[in-house]
Amino acid sequence: MMPHCAYVLRIADTSLILAQRLGEWVGHAPAIEEDLGLANVSLDLLGQARMLLSYAGELEGRGRSEDDLAYLREESEFLNATLVEQPNGDFGQTVVRQFLVDAWQLELYEQLLESKDPRLAEIAAKAVKETRYHLRYSAGWLVRLGDGTDESHARVQDALTRLWPLTGELFSTDEVDREIAQAGIGPAAEALLPGWSARVAAVFAEARLAAPVMSPFSWHGKQGRHSEHLGFVLAEMQSLHRAHPGATW
Amino acid sequence: MTDNSQDWPLYEIFIRARSGLDHKHVGSLHATDARMAIEHARDLYTRRQEGVSIWAVRSSDIVASDPADADTLFEPARDKVYRHPTFYDIPDEVKTL
């Protein structure tokens, strides 16, 4: 697969899988207000995924639509970051995962505004406004929980310790990233680290959370090698389309 | 869904549909603090582009008239029609009066 297409798919799949995970909260959130809040974020992410998947299909040039790509690919063909396929856990763990990804997406979309690929720059222009709100929402909750009761603090700190090692992947540059950066299409993965670290550290300080040490081990979801969780996400997400191919509303 | 939101204070939400109009009461919601009240209001009441501005007020901060006082408060105005502005011609150009 050509690097340009793989690069777009990575961003698309990361949004798509996170949207699916957030969708699992609908009907189960701690309050009806949060039910809607999480669903809104999920729908924003799904909208981003749709634009990006359609574009990836065009780049691929094999006539695959957004639905073909979302519903008919196998696990190893998904190129999302491993972090977003992790289970929701409790509300605190969902907030931590969301915050780490929101801060990364905001950095990514801000840099993609300068992309030499006009389609990606357009998509980033729309997504960046949505993502600013997502980050505001997740950062607000992270501070509330981190700086809240002893229990809420312990829960989010615990979630942070668990999820932190998965953030390394977001900033490890591989062959695809290098070619994309050289062509001016997008930032190299490592170029997102300084901005992300600064945003994250500022909120951690307010939330009284300690950032764990970055682990040298890196996951490779963006190369199609996933944790054990993605298979279950896909089984649920794709079941309807596979049972009723081409189903529409 | 659990009923944790019952522990959260209630906020009344007012939305301004577009610039120049008044904020109108649209409903209420639970939130732990003012910031969350605005974010919840944004998610609940402006997701179909209903507004350009949000006000949130703690419900407990609203002072309300007692329905039992209705006769005393509102009855005396009933026979004073001369207070209505119906004796003026409204120019056609005025849209929102």
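Heads up: the protein sequence lines correspond to chains A and B, in order. Residue numbers for the first sequence follow the working numbering, so the first one is 268 and each next one is one higher. Residue numbers for the second sequence follow the working numbering, so the first one is 2 and each next one is one higher. Here a beta-carbon is modelled for each residue, glycine too, at the ideal position from N, C-alpha and C.
With DSSP collapsed to three states, give me the class of residue i.
i: A455/A; result: coil
i: W516/A; result: coil
i: F484/A; result: coil
i: L336/A; result: helix
i: L437/A; result: helix
i: F345/A; result: coil
i: I16/B; result: strand
i: R79/B; result: coil
i: L380/A; result: coil
i: R49/B; result: coil
i: R288/A; result: helix
i: R492/A; result: strand
i: M2/B; result: Confidence is the limiting factor: at M2/B the pLDDT is only 46, short of 50, which leaves the residue's position unreliable, though a coordinate-based value still follows. M2/B: coil per DSSP, three-state reduction.
How far does the alpha helix (DSSP H) with residue i in it reach, from first residue to last?
i: R445/A; result: 442–449
i: F471/A; result: 460–474
i: H508/A; result: 497–510
i: N355/A; result: Element bounds for N355/A: n/a, residue is neither H nor E.
i: E327/A; result: 299–327
I'd like the span of the beta strand (DSSP E) that includes residue i, first residue to last.
i: G28/B; result: 24–31
i: W56/B; result: 54–59
Which residues in the same chain have their Cβ closer than 7 Å to the Cβ of residue i, if we skip the five residues on either side of it in sequence?
i: A348/A; result: T281, E436, L437, G488, K489
i: L45/B; result: L30
i: S343/A; result: G491
i: P432/A; result: S482, F484
i: E377/A; result: V395
i: A474/A; result: L409, V410, G413, D414
i: A69/B; result: none
i: L276/A; result: A323, L346
Ordered along the chain, which non-local residues of its own chain (more than five positions away) have a Cβ less than 6 Å from that of residue i?
i: R331/A; result: G324
i: E457/A; result: F438, T440
i: S54/B; result: R17
i: Y338/A; result: Q505, H508
i: I278/A; result: L319
i: L460/A; result: F438
i: T33/B; result: W9
i: W292/A; result: L305
Relative to the C-alpha of residue i, which candidate in the options has its C-alpha closest?
i: V363/A; options: A448/A, F499/A, A406/A; result: A406/A
i: F358/A; options: R329/A, W408/A, A465/A, L373/A; result: W408/A
i: H508/A; options: G328/A, L379/A, R340/A, R403/A; result: R340/A
i: D384/A; options: A450/A, Q505/A, R445/A; result: A450/A
i: W463/A; options: A370/A, I447/A, P297/A; result: A370/A
i: A286/A; options: A298/A, I299/A, R317/A; result: R317/A
i: L427/A; options: E377/A, A388/A, L350/A; result: L350/A
i: T434/A; options: A514/A, V368/A, Y274/A, T361/A; result: V368/A
i: R403/A; options: P270/A, L305/A, V293/A; result: L305/A
i: G513/A; options: A388/A, D334/A, F471/A; result: D334/A
i: L380/A; options: L373/A, R475/A, A392/A, E374/A; result: A392/A
i: Q238/A; options: E389/A, T398/A, S382/A, T361/A; result: Here chain A covers residues 268 to 516 and nothing more, so residue 238/A does not appear.
i: L476/A; options: I452/A, A455/A, D417/A; result: D417/A
Can you list, in chain order, the residues of its chain with a C-beta nearer than 8 Å to that of residue i? Leave out the 5 residues immediately preceding and following it.
i: E352/A; result: I284, R288, G488, H493, S494, H496, L497, V500
i: H26/B; result: E13, I14, F15
i: S66/B; result: L74
i: E503/A; result: Q287
Against chain D, does residue i count as a neighbour if the rule is that its beta carbon must be under 8 Å from one of theirs?
i: E473/A; result: Absent from the structure is chain D; the protein chains it does hold are A and B.
_Unbroken stretches of the alpha helix (DSSP H), 4 residues or longer, contained in the stretch 388–435 of chain A_ = 417–430
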